[in-house]
Amino acid sequence: MNALVRPRILLTAATLVAVLGSLTACDNMSRRDRDTAIGAGVGGAAGAVIGGSALSTVGGAAVGGIIGNQVGK
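Here UniProt numbering is used: the first residue of the sequence shown is 1, the next is one more, and so on.
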C-alpha cells in the first residue's frame, strides 16, 4: 500500500465517524436551529472553497448561519 494512501484512508474514516456522531446532536433541535447550523456549515465550506483562507471560511459560515436562521423563521 502506498505510504500516502493509508493516512488518507484513516483521515477519511475519522471524518466520517465525526460527522455521523455530530448528526445525533441535531436530534432535538428546533427547525430554525437546524437551518442555522446547516447554513453555517454550507457557508463555511463555500467560503473555504471560494476564498481559500481561514477568514473567508469564518465569513462564509457567518453569512450562511444568518441566511439559514432567516430561512428557518
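C-beta: ideal position from N, C-alpha, C; glycine also. Please read these numbers as outputs of a predicted model, since none were measured by experiment.
Segment limits, alpha helix (DSSP H) that includes residue i
i, result
"Ser56", "54-71"
"Ala48", "31-51"
Contact the stretch 29-43 vs the stretch 53-70: 3+ CB pairs below 8 angstroms: yes
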